[in-house]
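Q: In the numbering used here, the protein residues as written are 88 to 454.
Below you'll find the structure I mean.
As C-alpha cells, then:
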C-alpha cells in the first residue's frame, strides 16, 4: 500500500511540475490558439484587451484566466455564434475566470433556432468565475444555454442586458442540467418567458444572488420554472416585471425558496412576486415579500390552480397590492408564523402586525 501511495503522489507531483503557464498574447496570439497549444493542467493567463470569440475548450482541463479581470478583458464574438462553448465533456477542471463575454448570437440548433448567445453548454460541467455575460442574443438562452447532464458552477458572475427571443434572457437551463449560481447578479435581461432565467425539466440552484430589472413579455420576469425543481436561497428580487409572475412563475414545478426577499416587483395581471400554477409545489420559508404590485391580484403570491401545494413558514408578506395572497390560494395551504398584512384565518402563530422594516420601508434580505 505504501508503494502504491508513493507512486500516486509521484504522478500528482509530476503532473503539477509539468503544468505550464501560457500567456496571451506573448506565447499565443489569441485565447483559442493558447487553448489549442495547452496540455491538461496548464494555465492560460490573458492580458487586458479585446480578443475574438468563438472559444472552444476542446474538452481540455485547463484554466483560462485574465490577469486584469473582466472590466478590462473582453472576449467578443462579434455576432458569429456563441462567445464560448463547452460541449466536449469538460469538467470542473475546465475553468474560465475573469472575462467580459459579449457579442454572441448563439449556436444554430436548427434553421431559425439559436441558443446560448454568450455561453453554450451541453453535457459539460465547467467552472465559470467572475465573468460578465453581457449584451448577447439568441432565441433561447440569450446569455447562457445549459442542457443535457451539465452541472456548471457559476461564481460571482454577472448576466447583463442579454436578450432571448423566446426563453431565458439571461440563462436557459434545459433537460436534466443542474447548474449552481453562487453570488451572481442578473440585471436587465429580457425574454418572452423567463427574463432573467428559464428552467425546464432541470434542477438549477440560485444562491446568495440578485435579480434586478429583468423583464418578460409573458411570464416570469426574473425566473420562469416549468416542470423544473428549483432552489432559491438567500436571493433578492428587485423591480422585475412580467404579465404574470413579475419575479417568479412556477408552472408544474417544485420551488424551494428560503431566506429571500422580493421588493417592488410588478405584474400586469397576477402574481407580482410569485405566481404558481398547475400541480406545483411551493415552499416559502424565512422570506420577505413587500411593496410588490399586481394589477389584477396576488401582489405577494398568486395561485391559479387548486392543485398547487403551498407552504409558507416564518415569513413577512406586507404592503403588496392589491392584496397579499390572491384569494384562490388553496384552503389547505400551510401558513404559520408569518406576518401577513390583514392577517390570515388559519395556521399557528400568524399575525397582521406591522413588521417595522424602518423609515424607508426597504426590507433587509430575508428579514
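From the three backbone atoms N, C-alpha and C, an ideal C-beta is built for every residue, glycine too.
Computed from a predicted model, the values in this text were never measured in an experiment.
1. Helix, strand or coil: how does DSSP classify residue 381 here?
2. For residue 181, which option in 188, 187 and 172 has the closest C-alpha, if you only look at C-alpha atoms?
3. Starting from residue 119, trace the alpha helix (DSSP H) both ways and give me its first and last residue.
4. With distances taken between CB atoms, is the gap from residue 110 to residue 134 smaller than 8 Å?
5. If contacts are defined as beta-carbon pairs under 8 Å, then residue 375 and residue 403 qualify, I think. What distance do you get, rounded to the angstrom?
6. How would you label residue 413, buried or exposed, when you count the other beta carbons within 10 angstroms and need 16 or more for buried?
7. Provide the residue span of the beta strand (DSSP E) that contains residue 285, from first to last.
8. By the three-class DSSP mapping on this structure, what secondary structure does residue 105 have?
9. Which runs of the beta strand (DSSP E) fall wholly inside the region 199–239 and span at least 3 residues, in chain order?
10. Expressed to the nearest angstrom, what Euclidean distance is found between the alpha-carbon atoms of residue 443 and residue 437?
11. Using only the alpha-carbon positions, how far apart do residue 309 and residue 105 sit?
12. Check this for me: beta carbons of residue 194 and residue 146, under 8 Å apart or not?
13. With a threshold of 16 other CB atoms inside 10 Å of the CB of residue 155, please say whether the residue is buried or exposed.
14. Rounded to the nearest angstrom, how far is the Cβ of residue 170 from that of residue 205, given a contact under 8 Å?
15. Taking a contact to mean a Cβ-Cβ separation below 8 Å, would you say residue 358 touches residue 327 in this structure?
16. Suppose contacts are defined by Cβ-Cβ distances below 8 Å. Is residue 362 in contact with residue 385 by that definition?
17. Assuming residue 238 contacts residue 265 (C-beta within less than 8 Å), just tell me the rounded distance between them.
18. Taking 8 Å as the cut-off, decide whether the C-beta atoms of residue 290 and residue 316 are in contact.
19. Assign residue 363 to one of three DSSP states: helix, strand, or coil.
20. For a cutoff of 8 Å on Cβ pairs, would you count residue 266 as touching chain B?
21. Rank 117, 215 and 246 by C-alpha distance to the C-alpha of residue 229 and give the top, closest one.
22. Classify residue 444 as helix, strand or coil using the three-state DSSP reduction.
23. Check each candidate in 231, 255, 272 and 248 and name the one with the smallest Cα separation from residue 222.
24. Report the rounded CA-to-CA distance for residue 130 versus residue 400, giving the unit in angstroms.
25. Using a Cβ-Cβ cutoff of less than 6 Å, which residues in the same chain neighbour residue 405 once the five nearest sequence positions on both sides are dropped?
26. Taking all protein chains shown into account, do 16 or more other C-beta atoms lie within 10 angstroms of the C-beta of residue 231, making it buried, or fewer, making it exposed?
27. Note the first and the last residue of the continuous beta strand (DSSP E) segment covering residue 259.
28. Using the Cβ count rule (16 or more neighbours within 10 Å means buried), how would you classify residue 419?
29. Report the CB separation of residue 235 from residue 257 in whole angstroms; it is logged as a contact under 8 Å.
30. Of the choices 108, 116, 167 and 410, whose alpha-carbon is the least far from that of residue 360?
A: This is what the structure holds:
1. strand
2. 172
3. 118–124
4. yes
5. 5 Å
6. buried
7. 284–287
8. Assignment of residue 105 by DSSP, reduced to helix, strand and coil, places it in the helix class.
9. 200–202, 206–209, 214–216, 219–221, 224–227 and 231–234
10. Near 16 Å, if we compare the C-alpha coordinates of residue 437 and residue 443.
11. 45 Å
12. no
13. exposed
14. 5 Å
15. For residue 358 and residue 327, no; Cβs fall outside 8 Å.
16. Cβ atoms of residue 362 and residue 385: closer than 8 Å.
17. Correct: roughly 5 Å between the Cβ atoms.
18. yes
19. Strand.
20. Judged by its chain identifiers, the structure shown contains no chain B, having just a single protein chain.
21. Among 117, 215 and 246, the Cα nearest to that of residue 229 is on 246.
22. Collapsing the DSSP output to three states places residue 444 in coil.
23. 248
24. Their backbone Cα atoms lie some 47 Å apart in a straight line.
25. 377, 428 and 442
26. buried
27. 258–260
28. The residue in question, residue 419, is exposed, as its Cβ has fewer than 16 Cβ neighbours within 10 Å.
29. Rounded, the Cβ-Cβ distance is 19 Å, inconsistent with contact.
30. The candidate whose alpha carbon is nearest that of residue 360 is 410.
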